[in-house]
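Trainee: In the working numbering, the protein residues as written are 68 to 449.
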Ligand SMILES: Cc1cc2nc3c(=O)[nH]c(=O)nc-3n(C[C@H](O)[C@H](O)[C@H](O)COP(=O)(O)OP(=O)(O)OC[C@H]3O[C@@H](n4cnc5c(N)ncnc54)[C@H](O)[C@@H]3O)c2cc1C
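1. Is there at least one non-hydrogen atom of ligand 1 closer than 8 angstroms to the beta-carbon of residue 367?
2. Any idea what DSSP makes of residue 165, helix, strand or coil?
3. How do the segment 119-138 and the segment 255-263 stand: do at least 3 beta-carbon pairs fall below 8 angstroms, yes or no?
4. Count the other CB atoms, across all protein chains shown, that sit within 10 Å of the CB of residue 157; report buried if there are 16 or more and exposed otherwise.
5. Applying the criterion that 16 or more other CB atoms from any shown protein chain within 10 Å of the CB defines a buried residue, is residue 85 buried or exposed?
6. Quick one: is residue 346 buried, meaning 16 or more other Cβ sit within 10 Å of its Cβ, or exposed?
7. Report the three-state DSSP secondary structure of residue 119 (helix, strand or coil).
8. Would you mind listing the beta strand (DSSP E) stretches within the segment 191-239 that are 3+ residues and don't spill past its ends, in chain order?
9. Here's the rule I'm using: 16 or more other beta-carbon atoms within 10 Å means buried, otherwise exposed. How should residue 451 be labelled?
10. Between residue 167 and ligand 1, is there a pair consisting of the residue's CB and a ligand heavy atom that are separated by less than 8 angstroms?
11. Report the option in 122, 367, 343 whose CA atom is closest to the CA atom of residue 223.
12. Helix, strand or coil for residue 376 per DSSP?
13. Could you give the distance in angstroms between the alpha-carbon of residue 381 and the alpha-carbon of residue 201?
14. With a cut-off of 8 angstroms, do at least 3 Cβ pairs link the segment 110-124 to the segment 321-339?
15. According to DSSP, what are the bridge partners of residue 320?
16. Quick check on this structure: which residue in 336, 142, 149, 237 has the alpha carbon closest to the alpha carbon of residue 231?
17. Count Cβ pairs between the segment 355-375 and the segment 80-95 that sit closer than 8 angstroms; are there 3 or more?
18. Drop a sphere of 10 angstroms on the beta-carbon of residue 358, count the other beta-carbons inside from all chains shown, and report buried for 16 or more, exposed for fewer.
19. What is the DSSP secondary structure of residue 296, counted as helix, strand or coil?
20. Considering only heavy atoms of ligand 1, does any lie closer than 8 angstroms to the CB of residue 393?
21. Suppose you measure from the CA of residue 369 to the CA of residue 290; what does that come to, to the nearest Å?
22. Considering only C-alpha positions, which residue in the set 180, 269, 301 is nearest to residue 126?
23. With distances taken Cα to Cα, identify the nearest neighbour of residue 309 among 283, 327, 269.
24. Can you confirm whether the segment 87-103 touches the segment 235-254 when touching is taken to mean that 3 or more C-beta pairs between the two stretches lie within less than 8 angstroms?
25. What span of residues does the alpha helix (DSSP H) with residue 47 cover, start to end?
26. Is the closest heavy atom of ligand 1 to the C-beta of residue 77 under 8 angstroms?
27. When you compare each of 79, 76, 92 to residue 373 by their alpha carbons, which one comes out closest?
28. State buried or exposed for residue 163, treating a residue as buried only when at least 16 other CB atoms are found within 10 Å of its CB.
29. By alpha-carbon positions, which one of 433, 267, 322 ends up nearest to residue 417?
30. Does the distance from the C-beta atom of residue 114 to that of residue 402 stay below 9 angstroms?
31. In chain order, which alpha helix (DSSP H) runs of at least 4 residues are fully inside the segment 68-138?
32. Is the distance from the Cβ of residue 105 to the Cβ of residue 238 below 9 angstroms?
33. With DSSP run on the structure shown, which of helix, strand or coil describes residue 347?
34. Which same chain residues, not among the five before or five after residue 338, have their C-beta less than 8 angstroms away from its C-beta?
35. With DSSP collapsed to three states, give me the class of residue 302.
36. Would you say residue 288 touches ligand 1, meaning its beta carbon is less than 8 angstroms from a heavy atom?
Written out as structure tokens, the structure reads:
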């Protein structure tokens, strides 16, 4: 039996990579710092590209059953008048999967159970790595493990990245975010849509994630934080106060929004970074986890083509970097556009977005949802 591939981090990226490797017959050990597999945040939307990967892994129906189909994405102004409306059914037809909104805890449970808890070592916080005949992984609990192949799936503040790669820059967006889940059933018209309302320097999004649960997020420019409480900040947005009032305050999760300035190296032969460790993005396109899932898929496709393990990580980097970085950069810009505060700027933005041809938006979605490039290009490189 070959030595297990070590994966640092049992988040969505680490667990999906581990499941992919295990299904291909490669033993894996996931080292996770938390004492249990805990969801980071509240809900999540798994876009079509991620759901295609989960279909390949055989867990599409479990995820659909635990979550809720999302067939449209609407951006509105603060009075909920449409600025941009996208119908996702055309992609459902083309790719045979839905976008699914789900509680993060449910998703992580499905992934961990499918992988098997025997492959996950909890309470293992990596603190240091030594390179000598492979890697010596030193953990906070003073234990050391050895491996020949290492995957850093340890998020935006990755220790694997800090220890083995050139210094990188975490960028603060100047925006802060609250996330929560409340017990509620949205009106029928909104039940299968993701809605984001844009106001002055603030926005509010919500989506049904289960028959009785709504996930919401509120993002504001940082200078507004502390001036007023959440309900006051969003009091001009009709219909959302009910969502905020239905959410137990002690379950609301607050964070600053950050990303990783694109880096030019994600691998060094026997080690690679995936997910937020490699390309953490702002949440404005809802693609951070989806891109981590696409990373796992790419590594799996390369292994399927029997690419030697020593070449898998460099081919993975070649295949994935362009798309992931395009998303990081586009998402960063979108976050700025969403938070305009000048009334004239807001009026102009909304007018331009309303007038934009839908075909442009659908083309952009197509480039995000299409994962066929991985198969095509990995065939050429084998
Ligand atoms: C407000 C918000 C909303 C979002 N919404 C969406 C969305 O709708 N759709 C989407 O696709 N993405 C979304 N994202 C992005 C998504 O959450 C991340 O991109 C995704 O969670 C990254 O997964 P990951 O596994 O790479 O990293 P993480 O989720 O950060 O997981 C890293 C794991 O590594 C562990 N770890 C960290 N350090 C160590 C260490 N030293 N040793 C051992 N273990 C360690 C952590 O405990 C954690 O379990 C959102 C992000 C935010 C902030």
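Glycine included, every Cβ here is placed at the ideal spot set by N, Cα and C.
Mentor: Short version:
1. no
2. coil
3. yes
4. exposed
5. buried
6. buried
7. helix
8. 193-198, 202-206, 211-214, 217-219
9. Nothing can be reported for residue 451: it is not among the residues displayed for the chain, which extend from 68 to 449.
10. No.
11. 343
12. In this structure, residue 376 counts as helix in the three-state DSSP scheme.
13. The straight-line gap separating the alpha-carbon atoms of residue 381 and residue 201 is approximately 17 angstroms.
14. no
15. 246
16. For the options 336, 142, 149, 237, the alpha carbon positioned closest to that of residue 231 is the one of 336.
17. yes
18. buried
19. coil
20. no
21. 46 angstroms
22. 180
23. It is 283.
24. no
25. Nothing can be reported for residue 47, as the shown portion of the chain is limited to 68 through 449.
26. True, at least one ligand heavy atom lies under 8 angstroms from that Cβ.
27. 92
28. exposed
29. The shortest Cα separation from residue 417 among 433, 267, 322 belongs to 267.
30. no
31. 79-90, 115-123, 127-133
32. no
33. coil
34. For residue 338, same chain residues with a beta-carbon under 8 angstroms away, outside a window of 5 residues either side, are 202, 216, 217, 218, 219, 227, 231, 380 in chain order.
35. coil
36. Incorrect: residue 288 has no Cβ contact closer than 8 angstroms to ligand 1.
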